[in-house]
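Novice: In our numbering, the protein residues as written are 1 to 444. Yeah, the Cβ is synthetic: ideal placement off N, Cα and C, and Gly gets one too.
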Amino acid sequence: MAKGNADLLVVHAAELVTCAGSAAGIRGADLGHVAAIGDGALAIGDGRILAVGATSEVTRAYAAPRTLDAGGRLVSPGLVDPHSHLLHGGTRHRDYEATVTQRAPSAPLDGGIRSTVRRTRDAPDEQLRARAYADLDVMLAHGTTTLEAKTGYGLSCEQELRLLRLTAGLRHSVDVVPTFLALHVLPEDYLERRDDWVAAVIAALPAAAQLTSWCDVCCDPMCFTYDECLRVGEAARALGMRIRVHADQTGDARGALLAARLHAAAADHLDHASPAGLRALAQSGTVATLLPGVTLHLCEMTPGLRAGELTSAQKPFMPLLARRAIDAGAVVALSTDYNPGSSPTLSMQMVMQLAARLFRLGYAEIWNMCTLNAARALELAHERGSLEPGKRADLLLWSVPEHGMVINHFGTNLVDTVLVAGRVVARDGRPIHPSLAAVEAACH
Numbered sequence: 001m002a003k004g005n006a007d008l009l010v011v012h013a014a015e016l017v018t019c020a021g022s023a024a025g026i027r028g029a030d031l032g033h034v035a036a037i038g039d040g041a042l043a044i045g046d047g048r049i050l051a052v053g054a055t056s057e058v059t060r061a062y063a064a065p066r067t068l069d070a071g072g073r074l075v076s077p078g079l080v081d082p083h084s085h086l087l088h089g090g091t092r093h094r095d096y097e098a099t100v101t102q103r104a105p106s107a108p109l110d111g112g113i114r115s116t117v118r119r120t121r122d123a124p125d126e127q128l129r130a131r132a133y134a135d136l137d138v139m140l141a142h143g144t145t146t147l148e149a150k151t152g153y154g155l156s157c158e159q160e161l162r163l164l165r166l167t168a169g170l171r172h173s174v175d176v177v178p179t180f181l182a183l184h185v186l187p188e189d190y191l192e193r194r195d196d197w198v199a200a201v202i203a204a205l206p207a208a209a210q211l212t213s214w215c216d217v218c219c220d221p222m223c224f225t226y227d228e229c230l231r232v233g234e235a236a237r238a239l240g241m242r243i244r245v246h247a248d249q250t251g252d253a254r255g256a257l258l259a260a261r262l263h264a265a266a267a268d269h270l271d272h273a274s275p276a277g278l279r280a281l282a283q284s285g286t287v288a289t290l291l292p293g294v295t296l297h298l299c300e301m302t303p304g305l306r307a308g309e310l311t312s313a314q315k316p317f318m319p320l321l322a323r324r325a326i327d328a329g330a331v332v333a334l335s336t337d338y339n340p341g342s343s344p345t346l347s348m349q350m351v352m353q354l355a356a357r358l359f360r361l362g363y364a365e366i367w368n369m370c371t372l373n374a375a376r377a378l379e380l381a382h383e384r385g386s387l388e389p390g391k392r393a394d395l396l397l398w399s400v401p402e403h404g405m406v407i408n409h410f411g412t413n414l415v416d417t418v419l420v421a422g423r424v425v426a427r428d429g430r431p432i433h434p435s436l437a438a439v440e441a442a443c444h
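(1) Where do the ends of the alpha helix (DSSP H) carrying cysteine 370 lie?
(2) CB-CB under 7 Å to glycine 143, same chain, minus the five flanking residues each way: which ones, in chain order?
(3) Use the C-beta contact count for cysteine 299: other C-beta atoms within 10 angstroms, 16 or more gives buried, fewer gives exposed.
(4) State the beta-bridge partners of serine 399 as determined by DSSP.
(5) Using CA coordinates, which residue listed in Cys157, Asp327 and Pro82 is at the minimum distance from leucine 186?
(6) Short of 7 Å in beta carbon distance, which residues of its chain neighbour serine 342, apart from the five on each side in sequence? Order them along the chain.
(7) Looking at the structure shown, is glycine 432 part of a helix, part of a strand, or coil, going by DSSP?
(8) Would DSSP call valine 174 helix, strand or coil?
(9) Please specify which runs of the beta strand (DSSP E), each continuous and at least 3 residues long, are wholly inside the stretch 231-261, giving them in chain order.
(10) Name, in chain order, the residues that DSSP records as bridge partners for tryptophan 214.
(11) I'd like to check one pair, valine 245 with isoleucine 202: are the Cβ atoms closer than 8 Å?
(12) Taking only the alpha-carbon atoms, compute the straight-line gap between arginine 279 and alanine 256 and give it to the nearest angstrom.
(13) At the level of alpha carbons, what is the spacing between aspartate 428 and valine 75?
(14) Once you ignore the five residues that flank leucine 31 on each side, which residues in its own chain have a CB closer than 6 Å to its CB?
(15) Would you give the residue range spanned by the alpha helix (DSSP H) that histidine 93 belongs to?
(16) Can you tell me the Cα-Cα spacing of arginine 66 and arginine 48, whole angstroms?
(17) List the residues that DSSP assigns as beta-bridge partners of threonine 179.
(18) In the DSSP assignment, find the unbroken beta strand (DSSP E) run with leucine 31 in it and report its ends.
(19) With H, G and I counted as helix, E and B as strand and the rest as coil, what does DSSP make of glutamate 126?
(20) For asparagine 5, list the residues DSSP reports as bridge partners.
(21) Check whether the Cβ atoms of proline 401 and glutamate 15 lie closer than 8 Å to each other.
(22) Reducing DSSP to helix, strand and coil, say where phenylalanine 224 ends up.
(23) Quick one: using the 10 Å Cβ neighbour count with 16 as the cut-off for buried, is histidine 12 buried or exposed?
(24) When we look at the beta-carbon of alanine 134 and count the other beta-carbons within 10 Å, is it buried (16 or more) or exposed?
(25) On the criterion of 16 or more Cβ atoms from any shown chain inside 10 Å, does threonine 412 qualify as buried, or is it exposed?
(26) For glutamine 297, which of helix, strand or coil comes out of DSSP?
(27) When we look at the beta-carbon of serine 56 and count the other beta-carbons within 10 Å, is it buried (16 or more) or exposed?
(28) How many angstroms separate the CA atom of alanine 393 from the CA atom of alanine 98?
(29) Closest to glycine 362 by C-alpha separation, out of Ala64, Ala322 and Ser386, would be which residue?
(30) According to DSSP, is proline 82 part of a helix, a strand, or is it coil?
(31) Would you mind stating whether leucine 181 and aspartate 216 have Cβ atoms separated by less than 8 Å?
(32) Going along the chain, which residues of its own chain have a beta-carbon closer than 8 Å to the beta-carbon of tyrosine 62, five neighbours each way excluded?
(33) Mind checking proline 275: buried by the 16 CB within 10 Å criterion, or exposed?
(34) If distances are taken between C-alpha atoms only, which option among Leu140, Gly152 and Val100 comes closest to glycine 89?
Spelled out as structure tokens, the structure:
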């Protein structure tokens, strides 16, 4: 029997974790199982996966001019990060020290999110782009191959559209999915004119829709109400945009219920989502995206408790947050929420490791949440998030042989090699790509 032709064979993976499942996402008891093949292999052609199986089967069926020997290492899908705030100026490290020590700083604080807004507005386009590319390099080296990136630090329609244009124009081995998030927090010059800001955001949506198909709204007691977010969400849907929701982070603002009503692809945060809200997400198919980096970085405690009030019988974090969403039947994903204030991490590996420690999730659950379910949160599960024939060949070779070791370790980058669309784009913790000038020239 003649062999099929492939461009590349990846062979002899000690464990090939496919994370295969329905494009609708993995939920319930199925989350506790991860598909894995011993001595696994893949055949890749034209940037797509042609076959997955044992090395003996794949090499018997396919021939290729190039072979990548995994050498007994773990092979997995590329990680998908479905919630980030990539473009921003400045840092908030001084604010953070004052928060965790609860001591008054020796100099005035940077001023929280509004300091980020000021610095983002002041930063030249070239500076924001350069920082974004540097951050993407780090994400890629740590295994992220697809990233959602929101605006939100412009807080004027002109600045939000500027950030959206910059985000949509990024060209990198990490595939960046831009999202328009003008309804993030209320601008200072609209503090007494909330309705005017909501109207301004709605008026900016047609321009945003020319740059992206995604709109996000922040439904939270500290941000915008259910009705305000509904107005923007419905206006965006009328333009053909798809919806994401920051929901119920600091309190129950009915954000999860809003996401279900808008048939949003994802509702993120959900720390204080009601049981009814979580059930509504399950019924609508909206992905519940959880952000353990925020839980850690903000030192979030069990609701109603302060650090000094904890007893030995009380958990300092929120171990039931993920389990509530799973038990409600929702599709659950994980993400970094990379941003300067509440989660300044670029690493989905760190998210995986924190999810076990803070949310008490099992290894298989975490892998499924960071691959196929995360791709589902971006409505990309039909072509990303798992190693299955027909999907884009985004995969990772790790420096360890088993998937559980990635989560058991922490604080070290365990990715050895990254492939995007069948092409090696990072190795030994370093991206392999042309200069920024060459990348941009090739895209124009």
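Specialist: For this structure:
(1) Residue 370 sits at position 370 when you count from the first residue of the sequence shown. Segment 363-370, the alpha helix (DSSP H) holding cysteine 370.
(2) Taking the sequence shown and counting its residues from 1, the one referred to as residue 143 is at position 143. Close CB contacts of glycine 143 within its chain, under the 7 Å cut and outside five residues either way in sequence, are with Gly78, Leu79, Met348, Gln349, Leu396, Val415 and Val418 (chain order).
(3) Position 299 of the sequence shown, counting from 1, holds the residue named residue 299. Classification for cysteine 299: exposed.
(4) Taking the first residue of the sequence shown as 1, we reach residue 399 at position 399. Paired residues: none, contrary to the question.
(5) As a first step, residue 186 is located in the sequence shown; it is residue number 186 there, counting from the start. Comparing Cα positions, the closest option is Cys157.
(6) Within the sequence shown, the letter at position 342 stands for residue 342. Excluding its 5 nearest sequence neighbours in each direction, serine 342 has C-beta neighbours in its own chain below 7 Å: Val294, His297 and Leu298, listed in chain order.
(7) Here residue 432 is taken as the residue at index 432 of the sequence shown, counted from 1. The question names glycine, but residue 432 is isoleucine in the sequence shown. Reduced to three states, the DSSP call for isoleucine 432 is coil.
(8) The sequence position of residue 174 within the sequence shown is 174, counting from 1. Valine 174 falls in the coil class under three-state DSSP.
(9) 242-247
(10) In the sequence shown, the residue the question calls residue 214 occupies position 214. Answer is Arg242, bridged to tryptophan 214.
(11) By 1-based counting over the sequence shown, the position of residue 202 is 202. By 1-based counting over the sequence shown, the position of residue 245 is 245. No, the Cβ-Cβ distance between isoleucine 202 and valine 245 is not below 8 Å.
(12) Reading the sequence shown from its first residue, position 279 is the one you call residue 279. Reading the sequence shown from its first residue, position 256 is the one you call residue 256. In a straight line, the C-alpha of arginine 279 is about 9 Å away from that of alanine 256.
(13) As a working note, residue 428 is residue 428 in the sequence shown. As a working note, residue 75 is residue 75 in the sequence shown. The alpha-carbon atoms of aspartate 428 and valine 75 are separated by roughly 15 Å.
(14) Residue numbering aside, residue 31 sits at position 31 when the sequence shown is read from its first letter. Within the same chain, leucine 31 has close Cβ partners Glu365 and Asn368.
(15) Translated into the one-based positions of the sequence shown, residue 93 becomes position 93. Unbroken alpha helix (DSSP H) run through histidine 93: 93-101.
(16) Walking along the sequence shown from the start, residue 66 turns up at place 66. Walking along the sequence shown from the start, residue 48 turns up at place 48. Looking at the two C-alpha atoms, the distance is approximately 15 Å.
(17) Mapped onto the sequence shown, residue 179 falls at position 179. Answer is Lys150.
(18) Walking along the sequence shown from the start, residue 31 turns up at place 31. Element bounds for leucine 31: n/a, residue is neither H nor E.
(19) Along the sequence shown, one-based indexing puts residue 126 at 126. Assigned with DSSP and collapsed to three states, glutamate 126 falls in helix.
(20) Taking the sequence shown and counting its residues from 1, the one referred to as residue 5 is at position 5. Answer by DSSP bridge pairing, in chain order: Ala63.
(21) Here residue 401 is taken as the residue at index 401 of the sequence shown, counted from 1. Here residue 15 is taken as the residue at index 15 of the sequence shown, counted from 1. At the C-beta level, proline 401 and glutamate 15 come within 8 Å of one another.
(22) The residue you call residue 224 lines up with position 224 of the sequence shown. Correct three-state label for phenylalanine 224: strand.
(23) Locating residue 12 in the sequence shown gives position 12, where the first residue counts as 1. Buried, since its Cβ has 16 or more Cβ neighbours within 10 Å.
(24) On the sequence shown, residue 134 is found 134 positions in, with the first residue counted as 1. Alanine 134 should be labelled exposed.
(25) Taking the sequence shown and counting its residues from 1, the one referred to as residue 412 is at position 412. When all chains shown are included, threonine 412 counts as exposed.
(26) Locating residue 297 in the sequence shown gives position 297, where the first residue counts as 1. Here residue 297 turns out to be histidine, not glutamine, going by the sequence shown. In the structure shown, histidine 297 sits in a helix (DSSP, three-state: H, G or I).
(27) As a working mapping, residue 56 is identified with position 56 in the sequence shown. Looking at its Cβ environment, which holds fewer than 16 other Cβ atoms inside 10 Å, serine 56 is exposed.
(28) Within the sequence shown, residue 393 is the residue found at index 393, counting from 1. Within the sequence shown, residue 98 is the residue found at index 98, counting from 1. Whole-angstrom Cα-Cα distance: 45 Å.
(29) As a first step, residue 362 must be located in the sequence shown, where it is residue number 362. Here the closest residue by C-alpha is Ala322.
(30) Here the question's residue 82 lines up with position 82 in the sequence shown. When DSSP states are grouped into helix, strand and coil, proline 82 belongs to the coil group.
(31) Sequence index remark: in the sequence shown, residue 181 carries index 181 (1-based). Sequence index remark: in the sequence shown, residue 216 carries index 216 (1-based). Yes, Cβ-Cβ distance for leucine 181 and aspartate 216 is below 8 Å.
(32) Here residue 62 refers to the residue found at position 62 of the sequence shown. Closer than 8 Å at Cβ, skipping near neighbours: Lys3, Gly4, Asn5, Ala6, Leu9, Ala43, Leu50 and Ala51.
(33) By one-based count along the sequence shown, residue 275 stands at place 275. With fewer than 16 Cβ atoms within 10 Å of its Cβ, proline 275 is classed as exposed.
(34) By 1-based counting over the sequence shown, the position of residue 89 is 89. Just measuring C-alpha positions, the residue of Leu140, Gly152 and Val100 sitting nearest glycine 89 is Gly152.
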